[in-house]
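All letters in the sequence shown, in the order written, are residues 39 to 501 by the working numbering. In this text, a Cβ means the ideal position worked out from N, Cα and C, and glycines have one as well. The structure displayed is predicted, hence computed values, not measured ones. Shown next, in structure tokens, is the structure this report addresses.
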Amino acid sequence: MAKLWGGRFGAESSSLLDRFNASIGFDQQLWKYDIEGSKIHAKMLLSIGILNDEEYCKIIEGLVHIGTQIEKGEFEFRISDEDIHMAIEAALTDLIGEAGKKLHTGRSRNDQVALDFRMYVLDHNQIIRRKILNLMEALLKIAQLHTETIMPGMTHLQHAQPINFGFHMVAWCVNFKRDYERLSDSYERNNFLPLGVGAMAGTPYGTDREMMAKALGFKAPTLNAMDTVSERDFALDLLYDISMLFMHISRIAEELVLWSSYEFKFITLSDAYSTGSSIMPQKKNPDVPELLRAKSGRVFGNLMALLSVMKGLPLAYNKDTQEDKEGVFDSVSTALISLDILQEVIATMNIHPENMLKMAKIGHLTATDLADFLVRKNKLPFREAHQITGKIVAFAEEKGVDISELEEEEIFTLASLEISGVKEVLNLKTSMNARDSFGGTASKRTCEQIDILQKWIKEHKNG
Ligand code: ARG
């Protein structure tokens, strides 16, 4: 099969080379963007007099026809066409004849691939962001129902202070807000048109890049032709954004796994999102959160792979960058399905407030409140109050109860200080609601956080 670039070649390329060199197996995913870019490029060629009206119309009709064929699965992707750009161009010339051969005027596959891939990246940046908003909404829906549901807040995975379950859901939610904002930032940074820079140095045809940028919805054309065909920062940005997203997802997944164990039993995952064991009939396994936790491995790997491909490349285009796509496609499809399933798992889980409360009564969660109380009541230095509280905790431990269950007399005997009203201070709910600084766990502060996030989501859904 003669190659579109075959003019100077005497012999046919080896089929092994064709297999090794081709990207058509994966870059066919870019077909829509390739056709969209070609249409605008043709329009620009018409405007600068390279194409006449008839040629232009033939090209557009041909491209539309090819698009329909691909959509219907009737297009034959051949390895001998090497990549999606040449596959479409060759099919166009087959279809409409001479006019098809004019389409590549003032264009190189180097700027063509930079355009197609950037359009893919920006498009999926938006799709991922929409899914993040949906997930945030699902989290806040649960948060709203549980602003009074006491659970043990933990540091070092040890009981620390009483919080409410809604507050914990909000904590997850703000991670996703940052992920969204990170994606928005990289969208803005990369929203520039690569097309029209030619192979590396610009074109001699008076290419109207402003017009093409506008027509394709970019902010402006990129500034430097050589950089444009060479850089893949836009793809790395997306890989990094998705990596951060998955670092967060993996932490949430870990908590879902822990919470659905018998040791915690804070939640039960719905049957629709749990799996069984082939040998142990009693098992209900959290496979979905486990897989979500693991997906960060491939996503981080994709980032490392492309960073390594790009490191040390000389300017300008190098074939190395053909290796930029598969990892990005993989990270994107992983993100899309993962965000959907995480949202489902969260929306359908059964929450067990009674078990959360039971666990909140273990581990002396209100010890800090007792220390603070002794400081306020007796004007003690905090360090001293900390010491005394420690002794009271040790006593409760020995007795096998939580400090909230000690009698006022017992505390008085140990502290020999003014302690009237201490029982109220040791109450879990009082303690939770006492943490009412902005951003704190107090129910009213949790509601405030939910409110702020809901308004933010609304703005971004409409914007
Ligand atoms: N398939 C190539 C890629 O993905 C397209 C650009 C090829 N350009 C070239 N001069 N060989 O990077």
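For residue i, the residue or residues it bridges with in DSSP
i, result
"leucine 231", "Pro259"
"glycine 191", "Gln199"
"threonine 313", "Asn323"
"threonine 306", "Asn388"
Residue i: CB within 6 Å of a non-hydrogen atom of the ligand ARG
i, result
"serine 61", "yes"
"asparagine 356", "no"
"threonine 359", "yes"
"aspartate 121", "yes"
"arginine 147", "yes"
"valine 151", "yes"
Cβ distance (whole Å) where residue i is taken to contact residue j below 8 Å
i, j, result
"isoleucine 73", "alanine 137", "Not a contact, Cβ separation roughly 16 Å."
"glycine 144", "glycine 236", "7 Å"
"isoleucine 430", "isoleucine 441", "6 Å"
"asparagine 471", "serine 481", "6 Å"
"glycine 191", "isoleucine 180", "17 Å between Cβ atoms; not a contact."
"alanine 291", "arginine 336", "Incorrect: roughly 14 Å between the Cβ atoms, too far for contact."
"isoleucine 62", "phenylalanine 113", "Their Cβ separation, rounded to whole angstroms, is 11 Å, which puts isoleucine 62 and phenylalanine 113 out of contact at 8 Å."
"alanine 80", "tyrosine 94", "6 Å"
"isoleucine 280", "alanine 373", "5 Å"
"phenylalanine 230", "alanine 258", "6 Å"
"leucine 276", "asparagine 172", "Not quite, the Cβ-Cβ distance comes to about 19 Å (not below 8 Å), so this is no contact."
"lysine 303", "serine 312", "The Cβ separation is near 14 Å, so there is no contact."
"isoleucine 104", "leucine 130", "6 Å"
Boundaries (first-last residue) of the alpha helix (DSSP H) holding residue i
i, result
"lysine 493", "481-500"
"threonine 502", "Residue 502 lies beyond the range of the chain shown here (39 to 501); nothing can be said about it."
"tryptophan 297", "271-297"
"threonine 406", "405-416"
"histidine 424", "420-437"
"glutamate 114", "No alpha helix (DSSP H) holds glutamate 114; DSSP gives it neither H nor E."
"methionine 174", "147-183"
"arginine 46", "Looking at the DSSP string, arginine 46 is not in any alpha helix (DSSP H), and its letter there is neither H nor E."
"leucine 452", "446-453"
"leucine 351", "From DSSP, leucine 351 is part of no alpha helix (DSSP H); its letter is neither H nor E."
"lysine 252", "247-254"
"threonine 468", "466-472"
"lysine 461", "460-463"
Check: residue i C-beta below 6 Å from any heavy atom of the ligand MN
i, result
"glutamate 364", "This structure lacks the ligand MN; its bound ligands are the ligand ARG."
query: What are the complete alpha helix (DSSP H) segments, minimum 4 residues, inside the region 58-112?
result: 62-65, 69-85, 91-109
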